[in-house]
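Residue numbers (the working numbering), protein chains in the order written: chain A, 48 to 457; chain B, 12 to 104. Step one of this worksheet: look at the structure below.
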């Protein structure tokens with residue numbers, strides 16, 4: 048669990064963050080801590096904005112609402128609900144009620160279609176709790192070089208929460224899954240604004256839908272899901288990017304044919320062969336060049352330092368942060384304080400499960416005045432690690448370039 | 012005018028997101044861009060995606076909005092919209 052010390056440091060940093068004097072990675076000119084490297088337009092336009100029930104977050108767009116979490120909040124390994132990022136594809140987002148909510152379990156691939164209520168979801172199935180990272184496929188898209196169109200996210204289109212719900216597998220089993228089922232498709236209550244526009248829907252291969260870690264959740268960090276994070280029930284697919292984590296679930300449909308829709312193709316695709324071997328989604332490999340994005344790539348973030356921060360020669364500097372991957376676990380985190388010449392193993396912190404952020408820390412004493420370039424690199428048990436150069440792709444996905452922060456000792 | 016009214020109705024229906032006064036740069040076609048694009052999304056999307064999209068990319072974006080998202084855009088208006096976006100939110104010449 049989070050130590051008291053870390054919690055205190057987190058709290059102190061938030062106070063600092065709400066002030067105006069913080070220098071560093073943040074660009075404060077526009078009034079919001081936008082990551083340096085995002086397009087000029089995004090840096091100028093983004094502001095701290097508040098959605099109902101949320102603290103001020105970095106607003107990238109009003110409608111549909113797209114808000115990212117300022118990096119300062121990742122000092123806590125669990126991301127609080129009121130600062131958890133918000134991402135929507137459509138501006139039409141009904142507010143559902145727990146009492147009226149239902150979800151249809153249906154499709155050619157089930158024997159006994161039925162309707163779920165929130166009460167039956169809680170009463171009739173075994174409950175499961177799990178800590179898992181939800182990361183938007185396009186997290187860090189704004190840092191792509193060259194820039195690519197889309198929501199220009201910096202580092203904060205992600206969060207780590209303790210989710211509570213039931214296994215999708217148990218719900219599908221109750222409906223009686225037929226052998227011919229190839230995919231399971233999900234729809235949520237949000238809708239395209241224009242008639243005929245593509246409703247936001249996604250599918251999973253049946254093997255993934257039956258994975259014991261894939262849940263229908265109704266709680267996040269011990270509270271009902273915030274509206275903006277999928278109230279009352281959302282899907283979580285630990286290890287896979289946020290696109291599959293359908294919010295405000297309304298239908299779950301077992302399919303005997305691949306789901307053919309805009310949000311499966313051409314949207315949310317990565318070029319074949321450019322990224323490490325990951326979970327394949329073979330029934331959606333419908334063209335020779337692209338494949339659906341699936342697993343989160345290994346990544347890390349420095350949370351204790353900001354660009355240009357002043358430190359004192361001869362005094363220890365704490366380099367701290369988080370690392371995560373698709374759930375294989377983080378094997379090592381290495382820190383360099385000399386621009387990548389030498390690397391040191393960081394100390395790994397609390398283990399909240401393999402799908403969680405993993406805290407790490409490394410202390411060093413700057414022995415001479417001047418600039419010190421700090422870098423961090425995580426590696427998982429498969430040996431998958433982060434890249435020094437961006438692996439460019441047209442949608443700006445999977446940016447896990449090793450982070451570099453330069454601090455100044457005097 | 013029809014799209015503009017539709018946008019107004021939509022804003023009224025979603026008060027949580029209604030505070031979205033974004034002033035686009037003045038220029039030929041600005042009103043058309045404002046009313047057409049804001050029927051579905053706030054126009055901060057345009058500012059956010061600047062100034063790195065050239066004419067071909069802005070055009071691809073407008074065509075995607077029309078063909079995929081069913082934005083109500085007359086074919087004859089597409090060049091005006093693309094000209095405006097390229098001139099005001101394209102790369103510096």
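Where a beta carbon is used, it is the ideal one built from N, C-alpha and C, also for glycine. The structure displayed is predicted, hence computed values, not measured ones.
Collapsing the DSSP output to three states places residue 48/B in a helix. Going by C-alpha positions, residue 380/A is about 15 Å away from residue 373/A. Not flagged as an interface residue toward chain B: residue 272/A, since no C-beta distance is shorter than 9 Å. Residues of the stretch 309–336 of chain A with a C-beta less than 8 Å from any C-beta of chain B: 309, listed in chain order. For residue 39/B, no CB of chain A lies under 9 Å from its own CB, so it is not counted at the interface with that chain. In this structure, residue 383/A lies away from residue 305/A, with their beta-carbon atoms at least 9 Å apart. Residue 429/A and residue 286/A have their C-alpha atoms roughly 14 Å apart.
Close to residue 36/B, with beta-carbon spacing below 7 Å, lies no residue of chain A; the smallest spacing is near 11 Å. For residue 96/B, no CB of chain A lies under 9 Å from its own CB, so it is not counted at the interface with that chain.
Under the DSSP assignment, residue 70/B falls in the alpha helix (DSSP H) whose first and last residues are 66–78.
Not a single unbroken stretch of the alpha helix (DSSP H) spanning 4 or more residues falls wholly within the stretch 95–128 of chain A.
Between the alpha carbons of residue 197/A and residue 186/A lies a distance of about 11 Å. In this structure, residue 145/A places its C-beta atom within 9 Å of the C-beta atom of residue 271/A. If you look at residue 215/A, you'll find it isn't in any beta strand (DSSP E); it sits in the alpha helix (DSSP H) that goes 215–222. Taking a C-beta cut-off of 8 Å against chain A, the contacting residues of the stretch 70–100 of chain B are 72, 79, 80, 81, 82, 83, 100, listed in chain order. DSSP lists 233/A as the beta-bridge partner residues of residue 249/A. In the three-state reduction of the DSSP assignment, residue 254/A falls in the helix class.
Its chain contains 210 as the residues whose beta carbon lies nearer than 6 Å to that of residue 177/A, once the 5 sequence neighbours on both sides are disregarded; these appear in chain order. With contacts defined by Cβ atoms closer than 9 Å, residue 204/A and residue 116/A form a contacting pair. Under the three-state reduction of DSSP, residue 356/A is assigned to coil, being neither helix nor strand. In the structure shown, the three-state DSSP call for residue 421/A is strand.
The beta-carbon separation of residue 88/B and residue 43/B, rounded to 6 Å, stays under the 8 Å limit for a contact. If you draw a 10 Å sphere on the C-beta of residue 60/B, you find 16 or more other C-beta atoms in it, and that means buried. Beta-bridge partners assigned by DSSP to residue 271/A: 266/A. Listed along chain A, the residues sitting closer than 9 Å to residue 62/B by beta-carbon distance are 86, 87, 88. Of the residues assessed, residue 110/A falls on the buried side of the cut-off, its CB having 16 or more other CB atoms within 10 angstroms. With fewer than 16 other Cβ atoms inside 10 Å of its own Cβ, residue 227/A counts as exposed. In the three-state reduction of the DSSP assignment, residue 188/A falls in the helix class, which pools H, G and I. The beta carbons of residue 288/A and residue 182/A sit about 6 Å from each other, so the pair counts as a contact at 8 Å.
Setting aside the 5 residues that flank it on each side, residue 162/A is surrounded in the same chain by 149, 150, 151, 152, each with a C-beta closer than 8 Å to its C-beta; the list follows chain order. Three or more Cβ pairs closer than 8 Å define a contact, and the stretch 43–59 of chain B meets that threshold against the stretch 227–241 of chain A. Residue range 165–171 is occupied by the alpha helix (DSSP H) that includes residue 167/A. When C-beta distances to chain B are compared with 7 Å, the residues of the stretch 237–252 of chain A below that value are 239, 240, 241, 242, 243, 244, 245, in chain order. With the rule of 3 Cβ pairs closer than 8 Å, the stretch 115–133 of chain A does not count as touching the stretch 215–227 of chain A.
Residue contact check for residue 44/B against chain A: no CB pair falls below 9 Å. Taking 9 Å as the cut-off, the Cβ atoms of residue 118/A and residue 82/A count as close.
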